[in-house]
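Report on the structure given below.
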Amino acid sequence: MDENPFINWLLESPIATIRYQTMRELLNLPSDHSDCQAAYKAIQTTGAVPVILNQQVESGQWKYSQHYYTPKFTSTHWSMMLLEELLCDPFEPRFQAAIEFMLSASQKEVEKYQDRGFTCLWGNIIRYCVYAGKLSDPRLQYMIDLTAKSLHTEKCKCDWNWQMSCVWGAARSIWGLISIPEPDRTATVEQAIQSGLEFVLETANLIIDNQPSNVEKKTHQNWYKLNFPLFYQADVLFVLRLLYQIDYLDHPQAVNLVSWLESKQKPNGRWLGSSPFRQRTYKELGGPEETSRWVTLQAASILKKAKLHA
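See below:
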């Protein structure tokens, strides 16, 4: 399709989602282009998406019935996160069944733990529920309101982060809230996104400048790698993905992060990916080369858009 070896390497991926997003994000092909349609069909019928869906049981859960959160990273919640990333058909009946299960199963916990900093979880749930077309569901609306307030007022203060504000939680909260179409965002949600972004950008810049931050006792090593997939965690690439999705790469505090990402590019035009949880999730997400393809696709898409603002 293309004479560029870099693009061809991405298009040679056995993972249909990588091929599809390469065509859409880097080659600017419309979704109704025949090659895009073929790749989208392949997403639904080959590789990780059907494998993950086929492990679901009738109740809308995956086979681990103890809880939707454990074991990491193959139980219901994590499987749904991956299906959204992979571009599973949002109206696939099994995907919809799992949405209903998650909204029902998490409802009491949202109320019980509303002051304990679980918004990394809620942000991720919001993400795949909005993707599934459930924005108007009252259970989701309650979760959105809770997440927005936690993000804006406390920057996702968390018991598991020594009662400090949590940049991972903030990033994941934003990940969920920005999936809401802009016309449907309340003033509370917009305010939370903006204040959350300022917090996340400030922290990420401190980290890559090797300065101490006020939100981590010790900087996690994954901040300095390009990781995929991540689950409740975040890294610089993930922060840039947030900015990419809301067209925020021209923000003054994004410049340093974009330069850092560009500095990680190899002479062959690729980026080296890391997959810290590969052994704990679905093997169909691919080995080391596919991880590098995932992060290369994301990094190249970010730099392409960033240069449009330069």
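Numbering (the numbering used here), first residue to last: 1 to 310.
All C-beta atoms in this analysis are idealised placements derived from N, C-alpha and C, irrespective of residue type, glycine included.
Out of curiosity, what's the CA-to-CA distance linking residue i and residue j?
i	j	result
L197	Y20	29 Å
S263	Y224	12 Å
G60	V189	29 Å
W168	F277	16 Å
P267	F6	11 Å
S34	R24	12 Å
T260	K155	Looking at the sequence shown, residue 260 is not Thr but Trp. The straight-line gap from Cα to Cα measures roughly 25 Å.
D209	M81	31 Å
I144	H251	25 Å
Q141	A132	14 Å
G117	E3	49 Å
N28	L10	14 Å
G269	M102	40 Å
V110	D159	15 Å
E213	I207	The amino acid at residue 213 is misidentified as Glu; the sequence shows Ser. Rounded to the nearest angstrom, the two C-alpha atoms are 7 Å apart.
L303	V255	11 Å
K112	N222	31 Å
C36	I125	28 Å
N8	K307	22 Å
Can you find the residues in the same chain that come closer than 8 Å, C-beta to C-beta, to residue i, ignoring five residues on each side of it along the sequence?
i	result
A202	According to the sequence as given, residue 202 is Glu; it is not Ala. The residues are Q253.
Q311	Look at the range of the chain in this structure, 1 to 310, and you will see that residue 311 is not part of it.
D137	L103, C129
S31	R24, Q37, Y40
I153	Reading the sequence as shown, one finds Thr at residue 153 and not Ile. No residues qualify anywhere along the chain.
Any heavy atom of the ligand COA closer than 7 Å to the CB of residue i?
i	result
T74	Absence of the ligand COA is noted for the structure shown, with no ligands found whatsoever.
Do you know whose CA, among the options, lies nearest residue i's CA?
i	options	result
A39	L26, N54, T22, I52	T22
S274	Q96, F238, Q163	F238
I180	R127, P14, L10	R127
T17	S136, A42, G133	A42
S104	W122, R139, M80	R139
L242	R24, A170, Q141, N222	A170
E284	S13, N4, L240, G269	S13
L240	D159, L83, N205	N205
K305	L26, I99, E290	L26
G47	I15, S31, C36, H67	I15
Y282	P30, L83, Q37	L83
N161	T119, L146, V130	T119
V130	E182, L308, L303, P212	E182
H67	G286, S106, N222	S106
G176	P30, G286, L146, L308	L146
For residue i, which residues in the same chain have their Cβ closer than 7 Å to its Cβ, ignoring the five residues on either side in sequence?
i	result
W271	L226, K264, Q265, S292, V295, T296, A299
R280	K72, F73
A97	G60
R94	L53, Q56
Y69	S75, H77
I246	I178
K63	Q55, V57
Q163	K157
G286	I15
E290	S13, I15
K108	none
So, under 8 Å CB-CB, residue i and residue j are touching, yes? Tell me the CB distance rounded to an integer number of Å.
i	j	result
P229	E85	6 Å
V258	L249	6 Å
R185	G123	Wrong, their Cβ atoms sit about 14 Å apart, outside the cutoff.
Y232	L121	7 Å
S301	Y244	7 Å
K134	I99	6 Å
With 8 Å set as the bound, which would you pick, yes or no: does the beta-carbon of residue i sit closer than that to a beta-carbon of chain B?
i	result
Q61	No chain B is part of this structure, which consists of one protein chain only.
Looking only at its chain, what residues have a beta carbon closer than 6 Å to the beta carbon of residue i, apart from the 5 residues adjacent to it on each side?
i	result
A148	T188, V189, A192
P219	For clarity, residue 219 is Thr in the given sequence; the question names Pro instead. Excluding sequence neighbours, T219 sits near I207.
A234	W168, A171
C166	C156, C158
Please list the segments of the beta strand (DSSP E) lying wholly inside the segment 234-292, counting only runs of 3 or more residues, in order along the chain.
none
Which runs of the beta strand (DSSP E) at least 3 residues long sit entirely within the segment 198-224? Give them in chain order.
none
Please specify which runs of the alpha helix (DSSP H), each continuous and at least 4 residues long, are wholly inside the segment 17-94, giving them in chain order.
34-45, 48-53, 76-86
Segments assigned beta strand (DSSP E), at least 3 residues, entirely inside the segment 105-167
none
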